[in-house]
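In what follows, a structure is listed as structure tokens, so that the remarks can point back to it.
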Amino acid sequence: MLASSGPARAAPLIRLGSDDWCPFVCAVDGKPPGGYLVELTALAMAQEGYRAEPVLMPLNRAITQTAHGDIEGVYAPPIDQRLRLSAPLAHSRACFYTRAGDDWTFQSIKSLKTLAVGVIDDYGYDDGPMDAYIAENRHKPSLIALAFGASAGTTNVQKLLGGRYRVMLEHTAVMAQLGKRLDVADRIRQAGCLDHELPLTIGFATQDMRADTWIRALADGMRKLDASGELKALQKRYKFD
1 MLASSGPARA
11 APLIRLGSDD
21 WCPFVCAVDG
31 KPPGGYLVEL
41 TALAMAQEGY
51 RAEPVLMPLN
61 RAITQTAHGD
71 IEGVYAPPID
81 QRLRLSAPLA
91 HSRACFYTRA
101 GDDWTFQSIK
111 SLKTLAVGVI
121 DDYGYDDGPM
131 DAYIAENRHK
141 PSLIALAFGA
151 SAGTTNVQKL
161 LGGRYRVMLE
171 HTAVMAQLGK
181 RLDVADRIRQ
191 AGCLDHELPL
201 TIGFATQDMR
211 ADTWIRALAD
221 GMRKLDASGE
231 LKALQKRYKF
241 D
């Protein structure tokens with residue numbers, strides 16, 4: 001009779017941080033058990049023998065902790081020299097929002113230069129002109145009003161409706177969730193959108209020697225999910241198909 005080889009080796013753990021950004025990362029009672037990116041990454045990495053675990057924290061802290069090696073990665077980060085980014089797992093368009101009675105409409109970046117826009121610190125919105133505008137003016141509160149923390153999206157909606165600023169910027173799927181959860185959808189209007197969608201990636205630390213292996217594993221896992229039909233089923237469940 002052969003001797004037992006001992007307990008099966010546990011799957012390597014990859015901890016991924018982000019804030020509450022539903023439907024991509026969805027928090028319940030302080031924990032992020034679900035969301036499209038959470039589920040998709042877990043399924044894809046499981047195909048390659050990894051266990052992906054979400055950790056709820058502000059996005060800027062998740063980026064810093066990833067860079068420092070405290071966690072392994074971050075969901076949907078902006079372009080950042082501290083991170084190696086995966087291929088896009090999804091795309092998201094960001095739009096401007098005002099209170100329902102307002103008539104302001106986004107025309108171009110120039111149309112923003114007479115008012116403050118509510119945004120979330122360290123978020124990406126288009127990987128292009130809008131992100132560059134925010135970076136250039138982030139220290140000018142008359143132009144960019146930054147929200148912080150794991151519930152920054154909720155904070156922005158509350159400030160918009162409270163008259164703290166006239167316009168806020170948010171991704172359309174996220175604003176739909178916020179409007180429904182806060183029961184304020186009829187009090188907010190969409191006022192134009194950015195030209196370019198934001199690619200949603202997974203970021204790993206540039207200095208982590210495992211980053212390339214994880215990025216390849218994620219890509220390989222995504223291909224397997226696509227081939228099996230699981231990717232399409234998940235997209236349909238989240239209404240992203």
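First residue of the sequence shown? That's 1 in UniProt numbering, and the numbers climb one at a time after it. We treat Cβ as the ideally placed atom computed from N, Cα and C, and that holds for glycine.
- Where I215 is concerned, the enclosing alpha helix (DSSP H) starts and stops at A211 to S228.
- L16 is positioned such that its CB atom lies no closer than 8 angstroms to that of G69.
- If only complete runs of 3 or more residues are kept, the region 98 to 170 shows the beta strand (DSSP E) at 117 to 120 and 144 to 147, in order along the chain.
- Counting only runs of 3+ residues, the beta strand (DSSP E) found wholly inside the region 3 to 84 occupies 13 to 18, 26 to 28, 31 to 34, 51 to 56 and 73 to 75, in chain order.
- Under the DSSP assignment, A87 falls outside any beta strand (DSSP E); it carries neither an H nor an E label.
- Sixteen is the threshold: when 16 or more other Cβ atoms of the shown chains lie within 10 Å of the Cβ of G124, as they do, the residue is buried.
- Taking D80 as reference, the option from E170, L89, L59 and I71 with the minimal CA-CA separation is L59.
- CA-to-CA, the gap between I14 and P199 works out to about 21 angstroms.
- DSSP places L194 in no beta strand (DSSP E); its state is neither H nor E.
- For A205, the enclosing beta strand (DSSP E) stretches over residues I202 to A205.
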